[in-house]
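Residue numbers (full-length UniProt numbering): 1 to 67. This report concerns only the one structure given below.
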């Protein structure tokens, strides 16, 4: 029987990599360089997870208001 936690982790990594690939393509199409993934507190920032969370909270405009 397959380990569902391991499968979920692998699936998350694949989705995260696909997101980064699309993000790099987006930046390339606009002529803006995407050099490296940012680090926060010494850890690589999971840009896919950040994107999903911001969207779930209503998008950039809602998240970035001063509350």
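Even glycine gets a Cβ: it sits at the ideal position worked out from N, Cα and C. Bear in mind that the values here come from a model prediction, so they are computed numbers and not experimental data.
Paired residues, beta bridge with residue 39 - DSSP: Start at 1 with the first residue of the chain shown, and residue 39 comes out as number 39. Residue 39 is bridged to 44.
Near residue 27, what residues of its chain come up, given a Cβ to Cβ distance below 8 Å and the 5 sequence neighbours on each side ignored? Mapped onto the chain shown, residue 27 falls at position 27. 33 and 34.
With distances taken from CA atoms, which of 30, 29, 54 and 49 is nearest residue 92? With the chain covering 1 to 67 only, the question about residue 92 has no answer from this structure.
Proximity test, residue 46 beta-carbon vs the ligand NAP heavy atom, cut-off 7 Å: Questions concerning the ligand NAP fall outside what the structure shown contains, since it holds no ligand whatsoever.
Option nearest residue 12 by Cα separation, candidates 47, 38 and 37: Locating residue 12 in the chain shown gives position 12, counting from the first residue. Ranked by how close their Cα comes to the Cα of residue 12, the residues 47, 38 and 37 have 47 in first place.
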